[in-house]
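Residue numbers (our numbering), protein chains in the order written: chain A, 840 to 1055; chain B, 840 to 1055.
C-beta atoms are modelled at their ideal positions from N, C-alpha and C, and glycine is treated no differently.
Note that this is a predicted model, so its numbers are computed, not measured.
Number of protein chains: 2
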Amino acid sequence: MTAPTLAEEIANRLRHAILLGELEPGSSVGERENAQRMGVSRTPMREAIRILAKEGLLILRPSLSPVVADPSLQQVEDELTIIRALEVLSGDLACIHATDAQIETIRALHEHMVRLAEEGDMLRFFETDMDFHRAISAASGNSRLEELHGQLLARLWRVRFLSARQAWDRDRVLKQHGLIVSGLEARDATLVRLETDSHIEHIQRNIQGHFRQESS
Amino acid sequence: MTAPTLAEEIANRLRHAILLGELEPGSSVGERENAQRMGVSRTPMREAIRILAKEGLLILRPSLSPVVADPSLQQVEDELTIIRALEVLSGDLACIHATDAQIETIRALHEHMVRLAEEGDMLRFFETDMDFHRAISAASGNSRLEELHGQLLARLWRVRFLSARQAWDRDRVLKQHGLIVSGLEARDATLVRLETDSHIEHIQRNIQGHFRQESS
DNA sequence: GCCCAATTTTTGGTATACCATTCCCCTCGG
DNA sequence: CCGAGGGGAATGGTATACCAAAAATTGGGC
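The following block contains the structure:
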């Protein structure tokens, strides 16, 4: 792997900080201020800001400091609608193109989640959840789809993380994941599509609940 | 409208040049060279290059000049697969959420294409074709979907333009568009989905033909 | 005549300085 | 006491200078 540029590195650090909530939504992220805070010059910081803006984590305003994005329920639902379509597509393609090794990887991720659920490691559980879905898009054999899906997923990382915290339904998540894995192993596109669709619909409902709770 | 920044402006100029083929695929686009050629400093040029790279028109290589992208047939097909899923989704949503005015706009674009076909204005015809599809995604009521779809469409602008040049089947395009418009007006999601799917499948076939011809 | 290595050149990456615009606060006038 | 105007501070946008690394070229050795 080639050495990561400084701009990418601070972009990663910033992204981490945003996703973990260390930088609150709505707070401003000036070029100078943050550049000094992280000990770099404005140039790479400026580029890092553009990167995160393209990812949707920062909002650029003309002649004004960028702010940490604070997406509305409507926006999140819109994105999730797209993710749903892409994941269904991924499942369809994966049933055709996935190698056995890829499906094996997906099953391994699933079983890893089961263990993490038993141990109660919520953060790891959640991150593996993301990996699980990413692995499916990777198994589609469509690299551009994998990339795009990953971007959208990253964008919703925080809100999904927050809404998954309450996680009254880890069992349902695991059960649905299990069915999706079975569907992939049987190359049963219909089953995969159905379960994927239902799965994301539940996620959507969770997020709606999260927003409702937050506004109170 | 707020004044566009210099970086955006030269990004637009560069994009135009690339899409029109004034910059051949594979040719290198160094920061210094192009900055001087366009009479700006490296900083905005650098940013413009990043923008176009994110759009997929330029390929960044570590420690090497960026080059104008020259997508393979596989890559184009992958992207088109995604576009197909997104357009089908757009059609579904548009049948539910589109306003009558939006559908009216779509019909107007369609009829405009008919006129342009009669006049033989290929470039305008093609651009209106793009607008037609964009208008449908706009009618979905999902702004993020509209944005994403637009980006993917832009990325394939050039190859679609080239493959549409031969255009032995303008009649089929217009017929399918007409059916899609009818479907939208009737809010018949099934019809829209079917025709959209078939429409893009034909585009895919055209592009395959274009690549086959090019390689000979 | 060919290949390898050292050097030179060119590349992107980074830091810094400067500018125009805008925003904010303070003061002055009603 | 309130509002409008002005000045200063802070912002992002741009230009430029410098650096390290990598690629290309050239010269020497085999």
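- Item | 7 Å Cβ cutoff, residue 887/B in contact with chain A | no
- Task: Compute the beta-carbon to beta-carbon distance between residue 1032/A and residue 931/A, rounded to the nearest angstrom, for a pair I have assumed lies under 8 Å.
- Result: Going by Cβ atoms, the distance from residue 1032/A to residue 931/A rounds to 6 Å, so yes, they are a contact pair.
- Comparing the C-beta of residue 912/B with each C-beta of chain A, is any distance below 7 Å? no
- Message: If the criterion is Cβ atoms closer than 7 Å, does the pair residue 801/B and residue 887/B meet it?
- Response: Shown here, chain B extends from 840 to 1055; a query on residue 801/B therefore has no answer.
- Could you check how far apart the C-beta atoms of residue 972/A and residue 1034/A are, in whole angstroms? I think they sit under 8 Å. So it is not a contact: roughly 12 Å between Cβ atoms.
- Limits of the unbroken beta strand (DSSP E) element including residue 843/B: First-last for residue 843/B: undefined, no H or E at that position.
- chain B within 7 Å of residue 873/A, Cβ atoms only: no
- Query: Along the region 954 to 982 of chain B, what residues have a CB closer than 8 Å to any CB found in chain A?
  - Reply: 981 and 982
- Grab me the residues of residue 933/B's own chain with a C-beta within less than 7 Å of its C-beta, minus the 5 sequence neighbours each way, in chain order. 975, 978, 979 and 1023
- Sheet register partners of residue 1046/A (DSSP bridge): Residue 1046/A is not bridged to any residue.
- Does the beta carbon of residue 893/B sit closer than 7 Å to a beta carbon anywhere in chain A? yes
- Message: Just to make sure I have the definition right: I need the residues of chain A whose C-beta is within less than 8 Å of the C-beta of residue 920/B. Which are they?
- Response: Simply 928, 932, 981 and 984.
- Message: Quick check on residue 924/B - is its C-beta less than 7 Å from some C-beta in chain A?
- Response: yes
- Query: Residues in the region 986 to 997 of chain B with C-beta within 7 Å of chain A's C-beta atoms, listed in sequence order?
  - Reply: 987
- How many angstroms separate the CA atom of residue 966/A from the CA atom of residue 945/A? Within the model, the alpha-carbon separation for residue 966/A versus residue 945/A is close to 14 Å.
- Query: Is there a Cβ from chain B that is less than 7 Å from the Cβ of residue 917/A?
  - Reply: yes
- Locate the beta strand (DSSP E) running through residue 1009/B, then write down its first and last residues. Segment 1009 to 1024 is the alpha helix (DSSP H) holding residue 1009/B; no beta strand (DSSP E) there.
- Query: What is the residue span of the alpha helix (DSSP H) that residue 929/B lies within?
  - Reply: 912 to 936
- Task: List the whole-angstrom C-beta distance separating residue 994/A from residue 863/A, where the pair is believed to meet the contact cut-off of C-beta under 8 Å.
- Result: So it is not a contact: roughly 17 Å between Cβ atoms.
- Item | Residue environment, residue 1004/A, which counts as buried when at least 16 other CB atoms sit within 10 Å | Exposed, by the Cβ-count rule.
- Message: Please state the DSSP three-state secondary structure of residue 883/A.
- Response: Looking at residue 883/A - three-state DSSP - the assignment turns out to be helix.
- Task: Pick helix, strand or coil for residue 987/B, following the three-state DSSP scheme.
- Result: helix
- Task: Give the straight-line distance between the Cα atoms of residue 923/B and residue 910/B, rounded to the nearest whole angstrom.
- Result: 18 Å
- Item | Reference residue 858/A; option with closest CA among 950/A, 907/A, 949/A and 986/A | Closest in C-alpha terms to residue 858/A, from the list 950/A, 907/A, 949/A and 986/A, comes 907/A.
- Query: By DSSP, does residue 976/A sit in helix, in strand, or in coil?
  - Reply: helix
- Item | Range covered by the alpha helix (DSSP H) that runs through residue 903/B | Counting along the chain, residue 903/B falls outside any alpha helix (DSSP H), though it belongs to the beta strand (DSSP E) covering 903 to 907.
- Query: From 950/A, 865/A and 914/A, pick the residue whose C-alpha is nearest to that of residue 1043/A; which is it?
  - Reply: 914/A
- Rounded C-beta distance between residue 905/B and residue 846/B? I'm assuming under 8 Å. With a Cβ gap of about 15 Å, residue 905/B and residue 846/B do not count as contacting.
- Just curious, the alpha helix (DSSP H) that residue 896/B is in, first and last residue? Looking at the DSSP string, residue 896/B is not in any alpha helix (DSSP H), and its letter there is neither H nor E.
- Among 867/A, 879/A, 912/A and 954/A, which one has its Cα closest to the Cα of residue 902/A? 867/A
- Query: Going by the CB atoms, is the gap between residue 1030/A and residue 921/B shorter than 7 Å?
  - Reply: no
- Query: Span of the alpha helix (DSSP H) holding residue 952/A?
  - Reply: 939 to 958
- Query: CB residue 982/B to CB residue 1049/B, shorter than 7 Å?
  - Reply: no
- Item | Any non-hydrogen atom of the ligand COA closer than 6 Å to residue 857/B Cβ | Here there are no bound small molecules, and the ligand COA is not part of this structure.
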